[in-house]
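Only one structure is covered here, and it is reproduced in the block below.
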Amino acid sequence: MYAPSLAGRVLRLLLESTGPRSGQEMAGKLGVSRAAVGKAVTSLREQGLRVEARPRLGYQLQEEPPDPLPVRLEARLRPGSLGLPLYHYAELDSTNLEARRQAEAGAVHGACFVAESQTAGRGRLGRAWLAPPGSSLLFSLLLRPGWPLKRVFLLNNVISLAVCRAVENLTGLCPLVKWPNDVFLRGGKLAGVLTEFMGRSEMAEHVVVGVGLNVNQDEDYLASLESPAASLFSATGQLWDRGLVLAAVLAQATTLWLQLAEGREDRVLAEYQERSMILGREITVKDGDELRKGRVEGFTPEGNMLLVTERGTLTISHGDVTLAKHDLEKII
Ligand code: BTN
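Numbering (my numbering), first residue to last: 4 to 335.
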């Protein structure tokens, strides 16, 4: 299993403590020398964290930059969590592409690739995903689930739910999921998920689940986008620490992932239905040139949608969903 850096472990101890913590005590706890703790503190400072050294008392954490730095995630996520190891980049073409490249080079299950900006951010159906540098969370999780290909779209549901749970815990607001891969807050799109995979003979070799989560974009920026969008800032009026938001999403993704591993996909599905923006509603699904109208009856363990139409109940695996106008107004 991936082992966190010493700086991450020292930061965890500093976060656990309300007052200063002695270098000697931390060294004993971590089974390293006092000098090694000193070096770890230097590394934290070099990464922009403010750690005060108080004579005879020890080290105290004063401030952290609000960015999704690997060391901050290492300090907050349990060993073995999804999201570790975490790789942080100033700029990438696309975190999904990087995750795929790294998967092919042998990166481990659970690794996470996060970028401050993307030059070729990808959305579903060949669309672009845009966000001003440093404003949002752009990340991709690499998973090696050992699942049949037809099951991997369930990961869209899992990650959308993880975003909902994290946002609800942090803000008290209740986002909704819009099948197949969107999270909505107060009538605007808060996050989108793009799941891509490589497989051989019906089994998924690796799956990349990419998430774009709007965090600190302001109203003017959101209004310039083609479709209604929301950010945590626009919904709450406050700026959010993107490192803490990412930690919250990854912690929830891990909990949901463990539920799946225990065979409790019924629970995951039940929560997905509870949080669904479209369950029981009249919708139109556009898949290429094909338009289907009907009422959403539910979702399957493979991540498909069940749509009751004039021609019977259809199982829909992809497409773009539009709600009837009167339903959309009720939700907003
Ligand atoms: C959608 O709603 O169309 C899905 C958008 C997914 C965007 C994210 S941003 C991070 C990751 N890297 C990408 O290139 N795309 C996904």
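Just so it is clear, CB atoms sit at the ideal spot from N, CA and C, and this is done for glycine as well.
In whole angstroms, what separates the C-alpha of residue i from that of residue j?
i: residue 335; j: residue 122; result: A caution first: residue 335 carries a pLDDT of 49, below 50, which makes its placement in the model too unreliable to give a value.
i: residue 38; j: residue 65; result: 21 angstroms
i: residue 44; j: residue 61; result: 11 angstroms
i: residue 311; j: residue 272; result: 19 angstroms
i: residue 47; j: residue 82; result: 19 angstroms
i: residue 174; j: residue 189; result: 13 angstroms
i: residue 193; j: residue 295; result: 26 angstroms
i: residue 170; j: residue 204; result: 37 angstroms
i: residue 86; j: residue 113; result: 5 angstroms
i: residue 307; j: residue 185; result: 14 angstroms
i: residue 137; j: residue 250; result: 16 angstroms
i: residue 267; j: residue 260; result: 10 angstroms
i: residue 240; j: residue 218; result: 11 angstroms
i: residue 327; j: residue 191; result: 16 angstroms
i: residue 40; j: residue 16; result: 11 angstroms
i: residue 304; j: residue 278; result: 16 angstroms
i: residue 265; j: residue 291; result: 37 angstroms
i: residue 151; j: residue 263; result: 14 angstroms
i: residue 206; j: residue 154; result: 9 angstroms
i: residue 242; j: residue 92; result: 21 angstroms
i: residue 125; j: residue 197; result: 8 angstroms
i: residue 36; j: residue 53; result: 22 angstroms
i: residue 141; j: residue 98; result: 7 angstroms
i: residue 252; j: residue 300; result: 28 angstroms
Closer than 7 angstroms to a non-hydrogen atom of ligand 1 - does that hold for the CB of residue i?
i: residue 196; result: yes
i: residue 185; result: yes
i: residue 121; result: yes
i: residue 99; result: yes
i: residue 248; result: no
i: residue 156; result: no
i: residue 200; result: no
i: residue 210; result: no
i: residue 143; result: yes
i: residue 166; result: no
i: residue 182; result: no
i: residue 137; result: no
i: residue 124; result: yes
i: residue 191; result: no
i: residue 243; result: no
i: residue 170; result: no
i: residue 214; result: yes
i: residue 132; result: yes
i: residue 103; result: no
Residue i: which of the options sits nearest, CA to CA?
i: residue 131; options: 30, 321, 213 and 234; result: 213
i: residue 129; options: 142, 199, 71 and 32; result: 199
i: residue 69; options: 50, 320 and 59; result: 50
i: residue 244; options: 259, 230, 220 and 227; result: 220
i: residue 146; options: 162, 218 and 136; result: 162
i: residue 96; options: 133, 78 and 88; result: 133
i: residue 148; options: 111, 54 and 179; result: 111
i: residue 143; options: 127, 116, 150 and 280; result: 116
i: residue 246; options: 59, 6 and 119; result: 119
i: residue 77; options: 302, 14 and 282; result: 14
i: residue 276; options: 32, 7, 103 and 183; result: 183
i: residue 21; options: 240, 63, 33 and 211; result: 63
i: residue 6; options: 73, 98 and 176; result: 73
i: residue 10; options: 79, 58, 23 and 4; result: 79
i: residue 109; options: 278, 156, 196 and 88; result: 88
i: residue 34; options: 24, 12 and 202; result: 12
i: residue 18; options: 57, 30, 75 and 4; result: 75
Mapping DSSP to helix, strand and coil, what is residue i?
i: residue 67; result: coil
i: residue 115; result: strand
i: residue 140; result: strand
i: residue 190; result: coil
i: residue 303; result: coil
i: residue 218; result: coil
i: residue 208; result: strand
i: residue 35; result: coil
i: residue 317; result: strand
i: residue 4; result: coil
i: residue 98; result: helix
i: residue 195; result: strand
i: residue 297; result: strand
Checklist entry - What residue ranges within the region 222-280 form continuous alpha helix (DSSP H) runs of no fewer than 4 residues, ordered along the chain? => result 222-226, 235-239, 245-264 and 268-277, all fully within the region 222-280.
Checklist entry - Considering only residues of the region 41-86, which uninterrupted beta strand (DSSP E) runs meet the minimum length of 3 residues and lie entirely inside it, listed in chain order? => result Runs of the beta strand (DSSP E) inside the region 41-86: 53-57 and 61-66.
Checklist entry - Which parts of the region 148-191 are runs of the alpha helix (DSSP H), unbroken and 4 residues or longer, counting only runs that do not cross its ends? => result Segments of the alpha helix (DSSP H) lying fully in the region 148-191: 157-174.
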